[in-house]
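Have a look at the structure below before the remarks.
Numbering (my numbering), first residue to last: 20 to 355.
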């Protein structure tokens with residue numbers, strides 16, 4: 020009996036020692052994570068302070084410039100400025116806020132650095148994957164998280180063998196499960212996409228039976244496999260494979276799927292289903308964002324971090340121009 024008791028005591032002692040080791044490991048891990056968190060907070064605060072300093076310096080220079088010779092501007096200069104506005108010159112003054120997986124942040128910061136000389140026209144994210152399209156039609160994308168066919172379509176533009184036959188990309192949207200939409204050219208009538216069957220029908224509704232380009236003619240109107248589609252303002256993919264939301268150029272819209280957020284449906288109903296939308300974006304976790312043509316915005320299903328950012332932008336009198344969501348509570352916001 021004494022020997023059996025000793026064996027039990029040894030086992031208890033071993034378990035106790037193992038438990039202590041596990042606790043020590045957890046404490047060490049928590050200390051490391053806490054240190055990383057403090058570092059990230061410090062970097063975020065430093066970045067925000069730098070952005071505010073740059074904004075203040077830019078405003079000061081603008082004030083001095085307008086006070087110097089503002090009354091002597093010629094009619095030609097005024098006409099030129101108006102023409103720039105028509106060409107979306109506001110994109111050159113846009114700023115960016117985002118929350119992305121750490122492995123993606125380095126790529127995005129590199130992409131945005133190029134926007135100083137070539138403003139960003141469009142950004143699309145799905146969490147890990149990111150696509151940026153610049154005003155010139157050039158583009159950049161992250162190495163991971165994107166469907167191969169989307170990369171192929173982007174790479175078709177600017178290929179040495181292309182010889183200018185393919186128009187540049189103009190707008191992109193990303194979803195989970197390999198869903199995407201990409202359109203080319205200023206007219207926005209030709210693109211490539213992947214989604215449920217209902218998406219094809221919605222994008223091609225109103226086109227004549229012969230409107231889809233035959234394969235041999237695709238090179239004139241976009242990369243291989245490009246198809247005609249009704250001009251759109253935005254395309255969004257929701258939580259489920261069958262869920263999507265399209266806003267057309269005229270402000271009308273159409274959606275389908277079991278994953279449409281209840282809050283979004285309620286908003287559309289309360290607004291009497293007005294055909295005055297500018298953009299709608301959906302996220303993989305039920306997030307949604309709506310912007311109407313009059314500038315009003317609504318959103319829901321979003322993280323506290325995103326809500327705090329939107330409150331901050333409102334308090335700072337900054338206007339969001341674009342919002343997108345991705346996995347892992349990822350978001351990307353451009354504002355003016």
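Note that beta-carbon positions come from the ideal geometry of N, C-alpha and C, so glycine has one too.
Close-in-space but distant-in-sequence residues of the same chain around residue i (CB under 6 Å, 5 per side omitted)
{"i": "residue 231", "result": "Confidence at residue 231 is low in this model, with a pLDDT of 33, below 50, so the placement of that residue is unreliable and no value is reported for it."}
{"i": "residue 345", "result": "144, 145, 146"}
{"i": "residue 302", "result": "344"}
{"i": "residue 165", "result": "148"}
{"i": "residue 280", "result": "305, 307, 320"}
{"i": "residue 322", "result": "348"}
Candidates the options, of which the one nearest residue i by Cα
{"i": "residue 350", "options": "147, 210, 138", "result": "147"}
{"i": "residue 195", "options": "249, 262, 138", "result": "262"}
{"i": "residue 339", "options": "308, 323, 321, 322", "result": "308"}
{"i": "residue 129", "options": "165, 59, 151", "result": "151"}
{"i": "residue 315", "options": "296, 272, 303", "result": "296"}
Residues near residue i by beta carbon distance below 8 Å, same chain, minus five either side
{"i": "residue 176", "result": "156, 158, 185, 186, 187, 188, 203, 242"}
Strand pairing of residue i, partner residues [DSSP]
{"i": "residue 316", "result": "310"}
{"i": "residue 174", "result": "In the DSSP output, where bridge partners are listed per residue, residue 174 has none listed."}
{"i": "residue 18", "result": "The question about residue 18 has no answer here: the residues shown for the chain are numbered 20 through 355."}
{"i": "residue 166", "result": "According to DSSP, residue 166 bridges with nothing at all."}
{"i": "residue 151", "result": "142, 159"}
{"i": "residue 12", "result": "This structure does not reach residue 12, given that the chain is present from 20 up to 355, and the question cannot be answered."}
{"i": "residue 298", "result": "310"}
{"i": "residue 213", "result": "199"}
{"i": "residue 192", "result": "200"}
{"i": "residue 124", "result": "In DSSP, residue 124 forms no bridge with anything."}
{"i": "residue 344", "result": "350"}
Nearest-angstrom beta carbon gap, residue j and residue i [assumed within contact, 8 Å]
{"i": "residue 329", "j": "residue 318", "result": "7 Å"}
{"i": "residue 259", "j": "residue 278", "result": "4 Å"}
{"i": "residue 343", "j": "residue 300", "result": "5 Å"}
{"i": "residue 253", "j": "residue 192", "result": "7 Å"}
{"i": "residue 210", "j": "residue 201", "result": "5 Å"}
{"i": "residue 173", "j": "residue 153", "result": "No, residue 173 and residue 153 are not in contact; Cβ-Cβ is about 12 Å, not under 8 Å."}
Proximity of residue i and residue j at Cβ, strictly below 9 Å
{"i": "residue 126", "j": "residue 162", "result": "yes"}
{"i": "residue 113", "j": "residue 288", "result": "no"}
{"i": "residue 199", "j": "residue 169", "result": "yes"}
{"i": "residue 304", "j": "residue 320", "result": "yes"}
Cutoff 7 Å; reference residue i; Cβ partners in own chain excluding five residues on either side
{"i": "residue 347", "result": "120, 146"}
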